[in-house]
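K.L.:
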Amino acid sequence: MSSDSSDDDRPLARPNGHLSSSKISRAEDRALDAAQPQKTSGMAGIAVRNGPVDDAMDLDAPNGVKRKSRSAISKVSYKDESDSDSEPLAKRPKAAATAKPINSDSDDEPISKTRAKTTAAALPSLLAESSDDDEKPLGVQLAKKKAEIEKKAAVEAETIRAKEAKSAKSTPRKNIKDESDDEPLAGSSSKKRQSNGTAARRKSNGVKKEESDSDAPIAKKAKVKGKTVPPSKGKSATAAKDSKKSVKARATTEEEDEEEFAWWNAPKPEDDSIKWTTLEHNGVLFAPEYEPLPKNIKLIYDGKPVTLSKEAEEAASFWVAMMTPASSHHLDNPVFRTNFFNDFSEFIKKTGGAHDKDGNKVPIKSLDKCDFSKIYDYWLAKTEATKTKNLSKEEKEAAKAKKDALEAPYLYCTWDGRKQKVGNFRVEPPSLFRGRGEHPKTGRIKTRVHPEQITINIGKDAKVPEPPAGHKWKAVQHDQKATWLAMWQENINGAYKYVMLGAASDVKGQSDFKKFEKARELKKHIGKIRKDYTRELKSEIMADRQRATAMYLIDQLALRAGNEKDTENEADTVGCCSLKYEHITLEPPDKVTFDFLGKDSIRYNETAHVSPQVFKNLKLFKKAPKADGDDLFDRLTTSQLNKHLTSYMPGLTAKVFRTYNASYTMSTLLKELAADPRSKGTIAEKVKLYNDCNRKVAILCNHKRTVGASHDQQMQKMSDRIKGLQYQKWRTKKMILDLEPTQKKKKGAAWFELDEDIDEDWVKEHQQFLIEEQRTKITKKFEKDNEKLQANKEKPLPEKELKERLQVVKEMEAKFKKENKTGKVEAEGKGASVDKCLKSIEKLDDRIKILETQADDREGNKEVALGTSKINYIDPRLTVVFSKKFDVPIEKFFSKTLRDKFRWAIKSVEDVDDWEF
Numbered sequence: 001m002s003s004d005s006s007d008d009d010r011p012l013a014r015p016n017g018h019l020s021s022s023k024i025s026r027a028e029d030r031a032l033d034a035a036q037p038q039k040t041s042g043m044a045g046i047a048v049r050n051g052p053v054d055d056a057m058d059l060d061a062p063n064g065v066k067r068k069s070r071s072a073i074s075k076v077s078y079k080d081e082s083d084s085d086s087e088p089l090a091k092r093p094k095a096a097a098t099a100k101p102i103n104s105d106s107d108d109e110p111i112s113k114t115r116a117k118t119t120a121a122a123l124p125s126l127l128a129e130s131s132d133d134d135e136k137p138l139g140v141q142l143a144k145k146k147a148e149i150e151k152k153a154a155v156e157a158e159t160i161r162a163k164e165a166k167s168a169k170s171t172p173r174k175n176i177k178d179e180s181d182d183e184p185l186a187g188s189s190s191k192k193r194q195s196n197g198t199a200a201r202r203k204s205n206g207v208k209k210e211e212s213d214s215d216a217p218i219a220k221k222a223k224v225k226g227k228t229v230p231p232s233k234g235k236s237a238t239a240a241k242d243s244k245k246s247v248k249a250r251a252t253t254e255e256e257d258e259e260e261f262a263w264w265n266a267p268k269p270e271d272d273s274i275k276w277t278t279l280e281h282n283g284v285l286f287a288p289e290y291e292p293l294p295k296n297i298k299l300i301y302d303g304k305p306v307t308l309s310k311e312a313e314e315a316a317s318f319w320v321a322m323m324t325p326a327s328s329h330h331l332d333n334p335v336f337r338t339n340f341f342n343d344f345s346e347f348i349k350k351t352g353g354a355h356d357k358d359g360n361k362v363p364i365k366s367l368d369k370c371d372f373s374k375i376y377d378y379w380l381a382k383t384e385a386t387k388t389k390n391l392s393k394e395e396k397e398a399a400k401a402k403k404d405a406l407e408a409p410y411l412y413c414t415w416d417g418r419k420q421k422v423g424n425f426r427v428e429p430p431s432l433f434r435g436r437g438e439h440p441k442t443g444r445i446k447t448r449v450h451p452e453q454i455t456i457n458i459g460k461d462a463k464v465p466e467p468p469a470g471h472k473w474k475a476v477q478h479d480q481k482a483t484w485l486a487m488w489q490e491n492i493n494g495a496y497k498y499v500m501l502g503a504a505s506d507v508k509g510q511s512d513f514k515k516f517e518k519a520r521e522l523k524k525h526i527g528k529i530r531k532d533y534t535r536e537l538k539s540e541i542m543a544d545r546q547r548a549t550a551m552y553l554i555d556q557l558a559l560r561a562g563n564e565k566d567t568e569n570e571a572d573t574v575g576c577c578s579l580k581y582e583h584i585t586l587e588p589p590d591k592v593t594f595d596f597l598g599k600d601s602i603r604y605n606e607t608a609h610v611s612p613q614v615f616k617n618l619k620l621f622k623k624a625p626k627a628d629g630d631d632l633f634d635r636l637t638t639s640q641l642n643k644h645l646t647s648y649m650p651g652l653t654a655k656v657f658r659t660y661n662a663s664y665t666m667s668t669l670l671k672e673l674a675a676d677p678r679s680k681g682t683i684a685e686k687v688k689l690y691n692d693c694n695r696k697v698a699i700l701c702n703h704k705r706t707v708g709a710s711h712d713q714q715m716q717k718m719s720d721r722i723k724g725l726q727y728q729k730w731r732t733k734k735m736i737l738d739l740e741p742t743q744k745k746k747k748g749a750a751w752f753e754l755d756e757d758i759d760e761d762w763v764k765e766h767q768q769f770l771i772e773e774q775r776t777k778i779t780k781k782f783e784k785d786n787e788k789l790q791a792n793k794e795k796p797l798p799e800k801e802l803k804e805r806l807q808v809v810k811e812m813e814a815k816f817k818k819e820n821k822t823g824k825v826e827a828e829g830k831g832a833s834v835d836k837c838l839k840s841i842e843k844l845d846d847r848i849k850i851l852e853t854q855a856d857d858r859e860g861n862k863e864v865a866l867g868t869s870k871i872n873y874i875d876p877r878l879t880v881v882f883s884k885k886f887d888v889p890i891e892k893f894f895s896k897t898l899r900d901k902f903r904w905a906i907k908s909v910e911d912v913d914d915w916e917f
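Take 1 as the starting number for the sequence shown in UniProt numbering and just add one per residue.
Okay, structure coming up:
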């Protein structure tokens, strides 16, 4: 494609500091070529942190750090409820962010042997390269895989465009309607594109079913609902039937009508800018009013108690709320402290000042002299008293009923006659602003929002919600082009806050649907886009070369485009187009280190390999006299870049590349799974197989995250649970010898040995844990029984009863002591037999295998943002298709919240066998 503007006199993007010349002379180009190292790493487009790409790095070392030993953990916990055998991986609580990774070379290898291997060392086997490729560095293998996917994408794009061109020639022009920017690619295009016969077809729910052009590969025709899906080869009919039932049940919610409105199959309205016709709702739920402190609880300033106004006292409570162990680190931040004290002292001045016991004014001049301990003690006691865990059953039920009654009017709105769940109907309570990363306004006071600041958006004929007594709304409007219900401006950054519909609503679903359809549309154009920007990387026009280089970084390294800053006090965050001289460091032959504050003020500090031409260009963009503070892409802005992208495809922006790359890569990897033996394994193995693909997507698309602080402890918990099961299996084997000593000769002495990873000290520690666990269980059961008796106004059980129950613990303690001394284990249970013991061992083996698979999966994910890519960048229909094809319940991948959010994805492909991204 020709440049948007290759004119030498093109306006400069940001005419500040030292500017690049408008053209690159051939002599300068040749000089740069001569200075370039001839040898490259062969890892273009791959981030260094994704694998051991330095020669000095040891492939067999576990990320340079060995796992913590059992003794290194201060308090060992063998039980982790979040990792129960039956709980889906997707539902497990996340340590610090999302899931975390181990990829072992063998799925059956014990955790004790696999945990020393790195994600990087394991990935070659996941990439399924040839034996020759396996000998190459990981980075080269990843780069090769990435190149293969891009080459396939280019061929596919050319094929699609050729088919569309052929179809256009055979279709009379008068019947073709130009697609609008926001028109979905498949499932909801205008009815005007269809013949009368096709348009007359209707789905069972009364909505016309959309059919795409039969020769357009990316607009697959949905099959009629209710058609039986034949079981795939190797699956029983029952399994296929159960799978289908599971898929249909997934999208069902308690609020869902029996016959749901399938908006994804509905025709697109003539005026897509009109979002609703009728809209009714009950406004917003305000934060509860502040309850003043008792008169004897005061702020201590310079050793003396002072009285504050209600407003200043509330501001002091915000600081107190940050004094908890989880948040106290903010209080050591100098910026946080300064910002808080500036606002706090201003609150005090505006509301009459601080006074001592005699009514004299006390000037508050130093935060260091403020002692909040009395207020904190009162706040903590009050908070602990209201915590759910400290309430009786009746108190919990009463608190829940009160909360439900308060929220009930705001939970739903009526949008075009349909009940829709509202998302964030609560007005944010006042508090201290924390921000993300190194935000310059961290610590400032977020003031209370009043009705006079809020604008309500509602239907003309709907009843306007009543504001709290004595107040009025800032404004009431009836904007049918807006999807928000209420809006206000917060005081910290001046940003507008909106009350929107919930994630499971039609409006939010349509937004997600359009986003992924836009990425599918990019399939047609990606080959040409990459070909064009690769050519323009060598353009003699500086603006074109800068734009092409930025496109490369956005496409290959998933950098965000970045926006120009308008506010002086805004955080100094940047993206690709707004990078400055100091934000990148070049290391020959092709290594680039990025170090800047990215979105949400989170530091982006990554090193990646780039193509030789891109490395050369970046070197050119940093050429003297440029220095710190100068723009790297000084002849490019984000708006210019996005304008250029729309020349390829209506509505295309830089952010679409992230969605496209993740979804297309995932689609490609999932197609390769048919030959993988794990696809016919257990549910846990299939879940890990999916996560392996998701992990590769995150790596190839450079979606990474910081390892969670609690990762090692969580991995240690899983390791201890596996050891606990291995110990249980060993005891069961010993019981076989007690029942039938001749089994030692039949099975061999080695079969009855304790696992080599479990030593005598660990056994004693584990036994002690089991004893304490049993004691706790019995005590809690006793307390619960007494609670029930008290609730029924009956006499509680005496302490003697507890002592009798705890006799079991003493017997267990004696039994373990005897076993450790004699080395023998007596058979347990009624009717104990060798067969029963062998069956128990089989079950334990299954549980161990599941846990080892889950542990491998968790370790492998520790530096990869699986949740981010799965929720935001990978088309959810790909996950649904995987779930159907391999008979894995969708609950293993999507939580209840996500199943509601992606109900459209689950429903739209539930009866489609061949859906493709």
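Even for Gly, the Cβ is constructed at its ideal location relative to N, Cα and C.
Let's see if you can read the secondary structure: which residues bound the beta strand (DSSP E) around H609?
P.N.:
Stepping through the sequence shown from its first residue, residue 609 is reached at position 609. Here the beta strand (DSSP E) through H609 covers 603-609.
K.L.:
Can you give me the C-alpha to C-alpha distance between G187 and D512, rounded to a whole angstrom?
P.N.:
Taking the sequence shown and counting its residues from 1, the one referred to as residue 187 is at position 187. Taking the sequence shown and counting its residues from 1, the one referred to as residue 512 is at position 512. For G187, the predicted structure reports a pLDDT of 38, less than 50, and the residue's modelled location is therefore unreliable. The matter cannot be settled from this model.
K.L.:
Examine the Cβ distances between the segment 722-732 and the segment 743-758 and report whether three or more of them are shorter than 8 Å.
P.N.:
Yes, they touch.
K.L.:
Specify the secondary structure class of N457 as computed by DSSP and reduced to three states.
P.N.:
Position 457 of the sequence shown, counted from the first residue, corresponds to residue 457. If DSSP states are grouped into helix, strand and coil, N457 belongs with the strands.
K.L.:
Would you list the one or two residues that DSSP bridges to M487?
P.N.:
As a first step, residue 487 is located in the sequence shown; it is residue number 487 there, counting from the start. DSSP, once it has assigned bridges, lists T455, Y498 as partnering M487.
K.L.:
Note down, in chain order, each residue of its chain lying with its Cβ closer than 8 Å to the Cβ of K481, except the 5 sequence neighbours on either side.
P.N.:
Mapped onto the sequence shown, residue 481 falls at position 481. For K481, where only same-chain residues beyond five positions count, the Cβ hits under 8 Å are S273, I274, K275.
K.L.:
In the DSSP assignment, the alpha helix (DSSP H) including V335 goes from what residue to what residue?
P.N.:
Numbered from 1 along the sequence shown, position 335 holds the residue referred to as residue 335. From DSSP, the alpha helix (DSSP H) with V335 extends over 334-350.
K.L.:
For a test of the three-state rule: what should DSSP assign to K474, helix, strand or coil?
P.N.:
By one-based count along the sequence shown, residue 474 stands at place 474. Correct three-state label for K474: coil.
K.L.:
Leaving out five residues on either side along the sequence, give the residues of the same chain with a beta carbon under 7 Å from the beta carbon of L579.
P.N.:
Numbered from 1 along the sequence shown, position 579 holds the residue referred to as residue 579. Excluding residues within five positions, the ones whose Cβ falls inside 7 Å are F596, L632, F633.
K.L.:
So, under 8 Å CB-CB, S505 and K421 are touching, yes? Tell me the CB distance rounded to an integer number of Å.
P.N.:
Along the sequence shown, one-based indexing puts residue 505 at 505. Along the sequence shown, one-based indexing puts residue 421 at 421. S505 to K421, Cβ: 6 Å. Contact.
K.L.:
What does DSSP give as the partner residue(s) for T585 in the beta ladder?
P.N.:
As a first step, residue 585 is located in the sequence shown; it is residue number 585 there, counting from the start. According to DSSP, which records beta bridges pairwise, T585 is partnered with T593.
K.L.:
Identify, in the order they occur along the chain, each residue of the same chain with its Cβ nearer than 8 Å to the Cβ of H583, setting aside the five sequence neighbours on each side.
P.N.:
Position 583 of the sequence shown, counted from the start, is the residue given in the question as residue 583. Closer than 8 Å at the Cβ level, and outside the excluded window around H583, lie V574, F594, D595, F596, L632.
K.L.:
For the candidate residues G459, H478, Q453, whose alpha-carbon lies nearest to that of P467?
P.N.:
Reading the sequence shown from its first residue, position 467 is the one you call residue 467. Ranking the options by Cα distance to P467, first place goes to Q453.
K.L.:
Would you mind working out which of E394, L700, K818 sits nearest A791, comparing C-alpha positions?
P.N.:
The count along the sequence shown starts at 1 and reaches residue 791 at position 791. For A791, the nearest C-alpha among the options comes from E394.
K.L.:
Quick check on the DSSP output: the alpha helix (DSSP H) that includes P889 runs from which residue to which?
P.N.:
Start at 1 with the first residue of the sequence shown, and residue 889 comes out as number 889. Here P889 belongs to no alpha helix (DSSP H), and DSSP marks it neither H nor E.
K.L.:
Report the rounded CA-to-CA distance for H471 versus P451, giving the unit in angstroms.
P.N.:
To locate residue 471, count along the sequence shown from 1; it is residue 471. To locate residue 451, count along the sequence shown from 1; it is residue 451. Their backbone Cα atoms lie some 6 Å apart in a straight line.
K.L.:
Do the CB positions of V825 and D738 come within less than 9 Å of each other?
P.N.:
On the sequence shown, position 825 is the one that residue 825 refers to. On the sequence shown, position 738 is the one that residue 738 refers to. It is a contact, given that the beta carbons lie within the stated cut-off.
K.L.:
Spatial neighbours of S611 within its chain, please: C-beta separation below 6 Å, excluding the five flanking residues on both sides.
P.N.:
By 1-based counting over the sequence shown, the position of residue 611 is 611. Excluding sequence neighbours, S611 sits near A44.
K.L.:
Pull up the DSSP beta-bridge partners for H355, would you.
P.N.:
The residue you call residue 355 lines up with position 355 of the sequence shown. Answer is T307, K361, bridged to H355.
K.L.:
With distances taken Cα to Cα, identify the nearest neighbour of R418 among E280, K821, A519.
P.N.:
The sequence position of residue 418 within the sequence shown is 418, counting from 1. The shortest Cα separation from R418 among E280, K821, A519 belongs to E280.
K.L.:
Rounded to whole angstroms, what's the CA-CA distance from T198 to W263? Just pull it up for me.
P.N.:
As a first step, residue 198 is located in the sequence shown; it is residue number 198 there, counting from the start. As a first step, residue 263 is located in the sequence shown; it is residue number 263 there, counting from the start. Note that T198 has pLDDT 36, beneath the 50 cutoff, so the model's placement of it is unreliable and no number is given.
K.L.:
Would the C-beta of S840 count as close to the ligand ADP, meaning under 8 Å from any of its heavy atoms?
P.N.:
With respect to small molecules bound, the structure shown includes none, and the ligand ADP cannot be examined in it.
K.L.:
Three-state secondary structure (DSSP) at A47?
P.N.:
What you label residue 47 is simply residue 47 of the sequence shown in a count that begins at 1. DSSP places A47 in strand when its eight states are reduced to three.
K.L.:
Buried or exposed for K843, going by 16 or more other Cβ atoms inside 10 Å?
P.N.:
Numbered from 1 along the sequence shown, position 843 holds the residue referred to as residue 843. By the neighbour-count rule (16 or more Cβ atoms within 10 Å), K843 is not buried but exposed.
K.L.:
Could you compute how far the alpha carbon of T383 sits from the alpha carbon of C370?
P.N.:
Stepping through the sequence shown from its first residue, residue 383 is reached at position 383. Stepping through the sequence shown from its first residue, residue 370 is reached at position 370. The straight-line gap from Cα to Cα measures roughly 22 Å.
K.L.:
Return the CA-CA distance between T637 and N563, expressed in angstroms with no decimal places.
P.N.:
To locate residue 637, count along the sequence shown from 1; it is residue 637. To locate residue 563, count along the sequence shown from 1; it is residue 563. Using only the alpha carbons, I get a separation of about 8 Å.
K.L.:
Could you spell out the range, first to last residue, of the beta strand (DSSP E) harbouring R418?
P.N.:
For the purposes of this step, residue 418 is identified with residue 418 of the sequence shown, where counting begins at 1. Note, R418: beta strand (DSSP E), 418-421.
K.L.:
Based on Cα-Cα distance, which residue from M542, F816, D572, C576 lies nearest to D555?
P.N.:
What you label residue 555 is simply residue 555 of the sequence shown in a count that begins at 1. It is C576.
K.L.:
I'd like the list of long-range same chain contacts for A561, defined as Cβ closer than 8 Å, with 5 residues on each side in sequence excluded.
P.N.:
Within the sequence shown, residue 561 is the residue found at index 561, counting from 1. Correct list, in chain order: A550, I554, G575, C576, C577, T638, L641, N642, T653, A654, K655.
K.L.:
Looking only at its chain, what residues have a beta carbon closer than 6 Å to the beta carbon of A827, apart from the 5 residues adjacent to it on each side?
P.N.:
Along the sequence shown, read from residue 1 onward, the residue named residue 827 stands at position 827. So the qualifying residues of the chain are M735, D738, L739.
K.L.:
Indicate the three-state DSSP secondary structure (helix, strand or coil) for K907 in the structure shown.
P.N.:
Walking along the sequence shown from the start, residue 907 turns up at place 907. Residue state, collapsed to three classes: helix.
K.L.:
In the DSSP assignment, the alpha helix (DSSP H) including I526 goes from what residue to what residue?
P.N.:
Translated into positions along the sequence shown, residue 526 becomes position 526. Start and end: 526-536.
K.L.:
Could you tell me the distance, in whole angstroms, from the CA atom of L461 to the CA atom of M542?
P.N.:
As a position in the sequence shown, residue 461 is number 461, starting the count at 1. As a position in the sequence shown, residue 542 is number 542, starting the count at 1. Sequence check: residue 461 is Asp here, not Leu. The alpha-carbon atoms of D461 and M542 are separated by roughly 57 Å.
K.L.:
Looking only at its own chain, which residues have a Cβ that is under 7 Å from the Cβ of V362, when we skip the five neighbours before and after it?
P.N.:
In the sequence shown, counting from the first residue as 1, residue 362 sits at position 362. Within the same chain, V362 has close Cβ partners Y301, V306, A354, H355, D356.
K.L.:
Assign S21 to one of two classes, buried (16 or more other C-beta atoms within 10 Å of its C-beta) or exposed (fewer than that).
P.N.:
For this step, residue 21 is matched to residue 21 along the sequence shown. When all chains shown are included, S21 counts as exposed.
K.L.:
For A662, which of W730, A684, S167, N694 has the nearest alpha-carbon?
P.N.:
What you label residue 662 is simply residue 662 of the sequence shown in a count that begins at 1. Comparing Cα positions, the closest option is N694.
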